[in-house]
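Reviewing the structure listed below.
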Amino acid sequence: MINAKIIDIEVKDIRFPTSLNHDGSDAMHTDPDYSCVYIIIKTDKEYKGYGLTFTLGRGTEIVVQACKALAKIVMYRRLTWIYDDFAKFWRRLSSDSQLRWVGPEKGVIHLAMAAIINALWDLWGRIEKKPVWKLLSDMSPKELCSVIDFRYVRDEIDEVKATQILEKKMKLRKKQEKELLKNGYPAYTTQVGWLGYSDQQVEDLCKKFLDLGYTAFKIKVGRDLQDDIKRCELIRKVIGYENKLMLDANQVWDVDEAIKWMLELARFKPFWIEEPTSPDDILGHATILQELQKQNIGVATGEMCANRVMFKQLLKSKAISYCQVDSARMGGINEILAVYLMAYKHGIPVCPHAGGVGLCEMIQHLQMWDYICLSQTTHNRMIEFVDQQHEHFEDPVRIENACYMPPMNPGYSTKLKDECILEYAYPNGKQWKDKVTEEIEEKDD
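Numbered continuously in my numbering, the sequence shown closes out at residue 874.
Right, dumping it as structure tokens:
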């Protein structure tokens, strides 16, 4: 590790006006403007790290301020001080004696932590000249476990157990990596089913993604039962029953309502129902799963799951069939690795959430590490693909035959193009200045 020092941290508010076309719309979030807080960590050498956390427009400015507060802990630190004991540093950042009061390890402060930690992993990959999936996969089990803070989950997984699990997988690593480089990692699409899309849009998009080789499709539900039935009929007519159909309610139902609603949709053979109720209701998810598994319907959740402790509870309570980690919701890679290990122990597949700015770019690295080093399978495992905002990244995801192909450039695939920042920085980027001007002119008329 080079003995560089962090000398500056830039924090930017980036927003895309996706609400204009209903891109990203669901039963709970009807008019999202896909956004991110974007971090640039600068060192006194030539290296920079780029990180982000995902938001939906309003409120991004709050996360910006939280990032600036946490950045003071990172400023002027030497990289050796951070990376030589990354787990210890992670705890310092998550457990500041005053800032933790507005968490702890959840909400806005944890979103901010994710942005900074993601930037530090991007920086590490760039220094080592490796994509992050390769950086992780080349670590020994002991090295990998040294970046994880196991506090609060040691009753479920600790350093010793985690190391033992990973050591048993060592002999297949090279084979798995070779297969990954050749075949990629299976993707499913959510692009076909935003709730604000017309029936014609949904039908056209299903046909498009079928032609591209996709075999798994996810749609939004939960606003109106009859509309959901109509939409499921439409999609099944296009994709048939040989392909997977997943449903996503985005937390809109009460527990009993979720069960009743899904029993009405069971005829369409959904592979899972995602976020059927409050993301904090562990017992509610368990109740829903207990009823729906009689219909061979799984329950998936995790994109709003704030930390490893909540995942521990979901897993131990047998409340989920599929674990949906989010690379910008929890405290970055260090914490997400603990969840992968717990999910593996419980035999629960990880199918990560990736519906947001930069989420596809980041989470592919972790799922590829899992394929090489941990689960070593793609059975019942897929990475979500949403076909939005990739053109704004210097190293966007690469999809071939409905599979994510491993990124080969160093880092975490998180660097935005300079022109993107000029266009979409809020409120002074060109796109937003023009939008404000249009609104003023409309009011004058």
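Positions of the beta carbon are idealized from the N, C-alpha and C atoms, including for glycine. Note that the coordinates shown come from a computational prediction; the quantities given were computed from them, not determined experimentally.
Residue i versus residue j: straight-line alpha-carbon distance, rounded
| i | j | result |
| --- | --- | --- |
| Asn838 | Lys559 | 7 Å |
| Val440 | Trp550 | 17 Å |
| Val492 | Val466 | 7 Å |
| Asp473 | Lys434 | 6 Å |
| Ala495 | Ile538 | 6 Å |
| Leu522 | Pro856 | 29 Å |
| Tyr841 | Arg696 | 41 Å |
| Leu481 | Cys789 | 12 Å |
| Val738 | Ala783 | 21 Å |
| Val878 | Pro836 | Absent from the structure is residue 878, since the part of the chain shown begins at 430 and ends at 874. |
| Met791 | Glu585 | 26 Å |
| Tyr505 | Gly642 | 48 Å |
| Gly879 | Ala715 | Not covered by the structure: residue 879. The range shown for the chain is 430 to 874. |
| Met759 | Lys864 | 33 Å |
| Met797 | Asp755 | 15 Å |
| Ala456 | Arg507 | 46 Å |
| Gly453 | Glu703 | 15 Å |
| Ile777 | Trp701 | 13 Å |
| Glu764 | Trp553 | 17 Å |
| Asn432 | Thr509 | 6 Å |
| Ile422 | Ile828 | Any question about residue 422 goes unanswered here, given that the chain covers just 430 to 874. |
| Gln593 | Leu851 | 48 Å |
| Met403 | Tyr769 | As shown, the chain starts at 430 and ends at 874. That puts residue 403 outside it, with no answer to give. |
| Pro708 | Gln817 | 25 Å |
| Asp460 | Thr447 | 8 Å |
| Arg652 | Lys637 | 25 Å |
| Ser575 | Cys780 | 25 Å |
Helix, strand or coil at residue i according to DSSP, with G and I counted as helix
| i | result |
| --- | --- |
| Ile517 | In the sequence under discussion, the amino acid at residue 517 is Lys, which differs from the Ile named in the question. Residue state, collapsed to three classes: helix. |
| Ala783 | coil |
| Tyr424 | Absent from the model: residue 424. The displayed extent of the chain is 430 to 874, so no value can be given. |
| Thr619 | strand |
| Arg507 | strand |
| Asp584 | coil |
| Lys563 | helix |
| Asp816 | coil |
| Val826 | coil |
| Trp682 | coil |
| Leu803 | coil |
| Tyr833 | strand |
| Ile436 | strand |
| Ile658 | helix |
| Ile577 | coil |
| Arg602 | helix |
| Glu704 | coil |
| Phe445 | coil |
| Gly554 | helix |
| Val463 | Reading the sequence as shown, one finds Tyr at residue 463 and not Val. DSSP places Tyr463 in coil when its eight states are reduced to three. |
Close Cβ partners of residue i (< 6 Å) along its chain, the five nearest in sequence each way excluded
| i | result |
| --- | --- |
| His794 | Val561, Trp562 |
| Arg529 | none |
| Trp861 | Tyr855 |
| Glu534 | Ser523, Asn736 |
| Ala687 | Pro705, Thr706, Ile717 |
| His775 | Leu744 |
Presumed contact (8 Å Cβ cut-off) between residue i and residue j, rounded CB distance
| i | j | result |
| --- | --- | --- |
| Ala678 | Pro705 | 5 Å |
| Ala500 | Ile545 | 7 Å |
| Ala616 | Cys752 | Actually they are not in contact, since the Cβ atoms of Ala616 and Cys752 sit about 17 Å apart, beyond 8 Å. |
| Met691 | Leu654 | Incorrect: roughly 10 Å between the Cβ atoms, too far for contact. |
| Ile658 | Ala548 | So it is not a contact: roughly 45 Å between Cβ atoms. |
| Leu609 | Tyr773 | The pair is not a contact, with the Cβ atoms about 18 Å apart (cut-off 8 Å). |
| Gly761 | Met542 | 7 Å |
| Thr618 | Phe822 | Their Cβ separation, rounded to whole angstroms, is 19 Å, which puts Thr618 and Phe822 out of contact at 8 Å. |
| Arg665 | Ile648 | Not confirmed; about 11 Å, so no contact. |
| Ala767 | Ile511 | Ala767 to Ile511, Cβ: 19 Å. No contact. |
| Asp824 | Lys844 | 7 Å |
| Tyr670 | Thr807 | Not confirmed; about 21 Å, so no contact. |
| Val880 | Gly713 | No answer is possible for residue 880: the residues shown for the chain start at 430 and end at 874. |
| Ser746 | Ala729 | About 15 Å separates the two Cβ atoms, so there is no contact after all. |
Strand pairing of residue i, partner residues [DSSP]
| i | result |
| --- | --- |
| Thr730 | Cys752 |
| Met675 | Lys647 |
| Thr472 | Ile435 |
| Leu845 | Phe822 |
7 Å CB neighbourhood of residue i in its chain, flanking five on each side removed
| i | result |
| --- | --- |
| His451 | Trp623, Gly625, Tyr626 |
| Glu632 | Leu663, Val667 |
| Ser464 | Ile443, Arg444, Phe445, Thr484, Leu485, Gly486, Thr489, Val786 |
| Ile869 | Its pLDDT being 44, under 50, Ile869 is placed unreliably by the model, and nothing is read from it. |
| Asp525 | Ile502 |
| Gly532 | Ile538, His539 |
| Gln605 | Tyr800, Ile801, Gln805 |
Nonlocal neighbours in the same chain, by C-beta distance under 8 Å from residue i, ignoring five residues either side
| i | result |
| --- | --- |
| Leu668 | This sequence places Ile at residue 668; Leu is not what is there. Cys635, Leu639, Phe646, Leu674. |
| Arg937 | Within the shown structure, residues of the chain are numbered from 430 to 874, placing residue 937 beyond reach of any answer. |
| Glu572 | none |
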